[in-house]
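*Asks:* Here you go, one structure.
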Amino acid sequence: MTPPPELRALGRWTTRPRIPGSCLGVGVAFLHIHLSHTLPEAGRTPLTWLMFCALALFISVGYARDTRALRTLFALGEGKLPLTSEHLLVAIQEVAAIPGRSFWFVMQGWLGGTLTVALAFPTLAHVPWTEGLRVTVLGLSIGPLSAMLVYLMVVRRARATLARLVELGPSPLEVLAALPPRRMHIRRRLVVFTAIAVLSPSLFILDVAFTRTVTVVDAWAQATTPAERAEVMARAREGEGPPLGLIAGLVTLLILGTAALAGTALSEPLRAITEDATRIARGEVRPPRVIHAEDEVWATSAAFTQMQVQLVQALSQLKRAGIQISSTTEQLVATSTEQGVGADEQAGALNATSATTEELARSAQQIADNAESVSAIAETTFGAAQSGQRGATAFLGAMHRMKEDNEAIADAVVRLNKRVQQIGKVVEFINEIADKSDLLALNAELEGTKAGEVGRGFSLVAAEMRRLAENVIRSTKEIEGLIGEIRDATNGAVMATEAGLKTTELGTLLAAQVDDSLGLILELARQTSHAVRSISLATLQQQTGTDQLAAAMGDILRVTEQNAAATKQMVAANADLSALAADLQHVVQRFHVEPPAGETTGAPGSPPALGGG
Numbered sequence: 001m002t003p004p005p006e007l008r009a010l011g012r013w014t015t016r017p018r019i020p021g022s023c024l025g026v027g028v029a030f031l032h033i034h035l036s037h038t039l040p041e042a043g044r045t046p047l048t049w050l051m052f053c054a055l056a057l058f059i060s061v062g063y064a065r066d067t068r069a070l071r072t073l074f075a076l077g078e079g080k081l082p083l084t085s086e087h088l089l090v091a092i093q094e095v096a097a098i099p100g101r102s103f104w105f106v107m108q109g110w111l112g113g114t115l116t117v118a119l120a121f122p123t124l125a126h127v128p129w130t131e132g133l134r135v136t137v138l139g140l141s142i143g144p145l146s147a148m149l150v151y152l153m154v155v156r157r158a159r160a161t162l163a164r165l166v167e168l169g170p171s172p173l174e175v176l177a178a179l180p181p182r183r184m185h186i187r188r189r190l191v192v193f194t195a196i197a198v199l200s201p202s203l204f205i206l207d208v209a210f211t212r213t214v215t216v217v218d219a220w221a222q223a224t225t226p227a228e229r230a231e232v233m234a235r236a237r238e239g240e241g242p243p244l245g246l247i248a249g250l251v252t253l254l255i256l257g258t259a260a261l262a263g264t265a266l267s268e269p270l271r272a273i274t275e276d277a278t279r280i281a282r283g284e285v286r287p288p289r290v291i292h293a294e295d296e297v298w299a300t301s302a303a304f305t306q307m308q309v310q311l312v313q314a315l316s317q318l319k320r321a322g323i324q325i326s327s328t329t330e331q332l333v334a335t336s337t338e339q340g341v342g343a344d345e346q347a348g349a350l351n352a353t354s355a356t357t358e359e360l361a362r363s364a365q366q367i368a369d370n371a372e373s374v375s376a377i378a379e380t381t382f383g384a385a386q387s388g389q390r391g392a393t394a395f396l397g398a399m400h401r402m403k404e405d406n407e408a409i410a411d412a413v414v415r416l417n418k419r420v421q422q423i424g425k426v427v428e429f430i431n432e433i434a435d436k437s438d439l440l441a442l443n444a445e446l447e448g449t450k451a452g453e454v455g456r457g458f459s460l461v462a463a464e465m466r467r468l469a470e471n472v473i474r475s476t477k478e479i480e481g482l483i484g485e486i487r488d489a490t491n492g493a494v495m496a497t498e499a500g501l502k503t504t505e506l507g508t509l510l511a512a513q514v515d516d517s518l519g520l521i522l523e524l525a526r527q528t529s530h531a532v533r534s535i536s537l538a539t540l541q542q543q544t545g546t547d548q549l550a551a552a553m554g555d556i557l558r559v560t561e562q563n564a565a566a567t568k569q570m571v572a573a574n575a576d577l578s579a580l581a582a583d584l585q586h587v588v589q590r591f592h593v594e595p596p597a598g599e600t601t602g603a604p605g606s607p608p609a610l611g612g613g
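If you want it as structure tokens, here you go:
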């Protein structure tokens, strides 16, 4: 962005009053030297050259000092820095500090120049050292007055420069944040100005009076005759009125001009504040501007600017709020009327809802009682299922033992059948022996009969053996019959045992299925018991919540009835609010807020054309 053309010379224009202010003080000193005739004639020319050399050095050093003190402003004017708010605020801070820096720089220049000239003057002019002391008094009397004059002129130009910089972008609040009114010492400045205004002419008068007195006393002492002494007294009475009056008049004009500048410096911001306050009182609210000042006046100006910013914001908000309140109150009146009708309908609906809620509470109580009964039944079912599972487990164990016993019986019957078969074989063998014994006994009996009396005993033995054999045969026949019965019985036992084994296996499978089913029933009974217990707890909580709901519905019913009454009051209040909104609009319309773009005329305190000095 190209900087404005006048911004390039704005820094030099701001600090330019330091040169004429310092030259004016040097001119007064020059006139005092050449018109008062209080210095030796031979020392006036060297003193004049020393003064102008010191002035030239002061001007050259001041030029470099200004460049360093206003480096941001010069960089903006030369295009080295962009015109951003940050750079402009830094330049504003530099310009705001330049009046105080100029004052102290002029004071230091006068003090250093005066001491340098006072030390060099006696040596170069070959005058007594007391003349150097008089030069010191002369510089100390004119220097503060010249510094105060420079300060007041730079202050006015610095204000104009600040106004120009503010126009380039920074908002008033940013300027106030960059220049906080922290230093408040206007009373000290007035005391210093009064002291300078009083002491400067006093030192002039003291210097002239002391010098003239010493001169008259020396001339009176050198006079030897009454006529010479009378002539000395005549010259003393006549003095050199016109030159001394001219110097006194110049000093007085310088003091009066400084006082006028001081009054102007104080009155300009106060006048601007008064104008803005008067416009605000008339209802003309312009965009806030920064009225630059110093010390307590700057604090007042900053507070007034902040008040303007807040006032513009408040008025804009009040206008928008007034329009919104007006439309809102109309809607509120209509809405409140509808709300009143709705509140009556809501009260009737809440009465029905309250009755339904009470019925729901009674139903919840019955559900809670039934849930407790179901919980007790579930607990009993769970206990029965546990007992059934224990019985099924015992039955399954008994079936396993019975199966084992049947298997043992089957094994024993098989072994018995084998033994019976072995016994049958033994009986058959015995039966064969008995048959053979019977046949042998029959043969023996026949042979004994044939033998007669000799074989009679042998026949008897044979007969007995035959009977015994027959008995054995009959016994074996009975044994065979018993063996057959035993064989049949064992076969039936084997068949019965096999059927028992099959039945036992089937019973074992059924017992296992029953045990599994009872285990499942036990788990389901446990889950049912837990679920019923949870249902019971939930039902109790539901009963509590339903009771609370019934109480809350009662409270809602009471609140609704109160809202119905409050709605009627709201209708009346909204009517009053509508009237207040109309009054607010009427009050706010007294103030005419001008937009920032509408202010095209130059603001007071704007910098003059930079072509002149």
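Note that the UniProt record's numbering has the sequence shown beginning at 1, numbered continuously upward.
Idealized CB from N, CA, C, for every residue including glycine.
So, are the CB atoms of L50 and L254 less than 9 Å apart?
*Replies:* In this structure, L254 does not lie closer than 9 Å to L50 by Cβ.
*Asks:* Are there 16 or more other CB atoms within 10 angstroms of the CB of Q308, so buried, or fewer, so exposed?
*Replies:* So Q308 counts as buried.
*Asks:* Using a 10 Å radius around the Cβ and a threshold of 16 neighbouring Cβ atoms, would you call Y151 buried or exposed?
*Replies:* The residue is buried, with at least 16 neighbouring Cβ atoms inside 10 Å.
*Asks:* What is the rounded straight-line gap between the Cα of S60 and the Cα of T161?
*Replies:* The straight-line gap from Cα to Cα measures roughly 23 Å.
*Asks:* Mind checking whether V290 and L176 have CB atoms under 9 Å apart?
*Replies:* Yes, the pair counts as a contact, with Cβ atoms nearer than the cut-off.
*Asks:* For V95, tell me which candidate among D218, R282 and E294 has the shortest Cα-Cα distance.
*Replies:* Nearest of D218, R282 and E294 to V95, Cα basis: E294.
*Asks:* Enumerate in chain order the residues of its own chain whose CB-to-CB distance from M107 is below 8 Å, with the five nearest sequence positions on each side excluded.
*Replies:* Hits under 8 Å: G143, P144 and A147.
*Asks:* Distance, Cα to Cα, L119 vs G112?
*Replies:* Rounded to the nearest angstrom, the two C-alpha atoms are 11 Å apart.
*Asks:* Just to confirm, is the Cβ distance from L7 to R164 under 9 Å?
*Replies:* The answer is yes: Cβ separation under 9 Å.
*Asks:* According to DSSP, simplified to helix, strand and coil, what is residue 614?
*Replies:* Residue coverage of the chain in this structure runs from 1 to 613, which leaves residue 614 outside it and unanswerable.
*Asks:* Could you tell me the distance, in whole angstroms, from the CA atom of D411 to the CA atom of A493?
*Replies:* Distance between the alpha carbons of D411 and A493: 11 Å.
*Asks:* Between the C-alpha atoms of R12 and D66, what's the straight-line distance to the nearest angstrom?
*Replies:* Distance between the alpha carbons of R12 and D66 is about 8 Å.
*Asks:* Check each candidate in T449, G424, G507 and E379 and name the one with the smallest Cα separation from S534.
*Replies:* If we check each option's Cα against that of S534, E379 comes out closest.
*Asks:* Consult DSSP for E284 and reduce its assignment to one of helix, strand or coil.
*Replies:* The answer is strand: DSSP assigns E284 an E or B state.
*Asks:* Leaving out five residues on either side along the sequence, give the residues of the same chain with a beta carbon under 8 Å from the beta carbon of S366.
*Replies:* It should be noted that the sequence gives Gln, not Ser, for residue 366. Closer than 8 Å at the Cβ level, and outside the excluded window around Q366, lies no residue.
*Asks:* How many whole angstroms separate the CB atoms of V26 and L250, which I take to be in contact at a CB cut-off of 8 Å?
*Replies:* Going by Cβ atoms, the distance from V26 to L250 rounds to 12 Å, so no, they are not a contact pair.
*Asks:* Sort S517, Q222 and G500 by Cα distance to R390 and report the nearest one.
*Replies:* Looking at the Cα atoms, S517 is the closest of the given residues.
*Asks:* For the alpha helix (DSSP H) holding S171, just list the boundary residues, first then last.
*Replies:* No alpha helix (DSSP H) holds S171; DSSP gives it neither H nor E.
*Asks:* Relative to the alpha-carbon of G132, which residue among P287, I33, L460 and L261 has its alpha-carbon at the smallest distance?
*Replies:* That would be I33, whose Cα lies nearest to the Cα of G132.
*Asks:* In this structure, does DSSP put residue 614 in helix, strand or coil?
*Replies:* Nothing about residue 614 can be read from this structure; the chain reaches only from 1 to 613.
*Asks:* G79 and A9: beta carbons closer than 9 Å?
*Replies:* No, the Cβ-Cβ distance between G79 and A9 is not below 9 Å.
*Asks:* Look up L179 in the DSSP assignment and say whether it is helix, strand or coil.
*Replies:* L179: coil per DSSP, three-state reduction.
*Asks:* Grab me the residues of R18's own chain with a C-beta within less than 7 Å of its C-beta, minus the 5 sequence neighbours each way, in chain order.
*Replies:* Contacts found: G62, S102, V106, V150 and V154.
*Asks:* Using alpha carbons as the reference points, say which of H126, G424, G457 and L396 lies closest to L506.
*Replies:* Comparing Cα-Cα distances from L506 to each of H126, G424, G457 and L396, the minimum goes to L396.
*Asks:* Report yes or no: do the region 439 to 447 and the region 459 to 470 share at least 3 C-beta pairs separated by less than 8 Å?
*Replies:* As far as the Cβ criterion goes, the region 439 to 447 touches the region 459 to 470, which means the pair count is three or higher.
*Asks:* Could you give the C-beta distance for I92 and L179, rounded to a whole number, given that I count them as a contact under 8 Å?
*Replies:* The Cβ separation is near 7 Å, so the contact holds.
*Asks:* Where are the beta strand (DSSP E) runs, 3 residues long or more, that stay fully inside the region 22 to 79, in chain order?
*Replies:* Here no run is fully enclosed.
*Asks:* Rounded to whole angstroms, what's the CA-CA distance from S326 to R286? Just pull it up for me.
*Replies:* If I take the Cα positions, the gap works out to 26 Å.
*Asks:* What residue range does the alpha helix (DSSP H) around T116 cover?
*Replies:* Segment S85 to A125, the alpha helix (DSSP H) holding T116.
*Asks:* Can R159 and P288 be called in contact, C-beta distance under 9 Å?
*Replies:* Not a contact, by the Cβ cut-off of 9 Å.
*Asks:* Alpha helix (DSSP H) containing T15: first to last residue?
*Replies:* Start and end: L10 to T15.
*Asks:* Give me, in chain order, the residues of the same chain whose beta-carbon lies closer than 7 Å to that of A302; leave out the 5 immediate sequence neighbours on both sides.
*Replies:* L176 and P181.
*Asks:* Assign S22 to one of two classes, buried (16 or more other C-beta atoms within 10 Å of its C-beta) or exposed (fewer than that).
*Replies:* S22 comes out buried.
*Asks:* With contact counted as at least three CB pairs below 8 Å, one residue from each stretch, are the region 418 to 438 and the region 479 to 489 in contact?
*Replies:* Contact holds: three or more Cβ-Cβ distances are below 8 Å.
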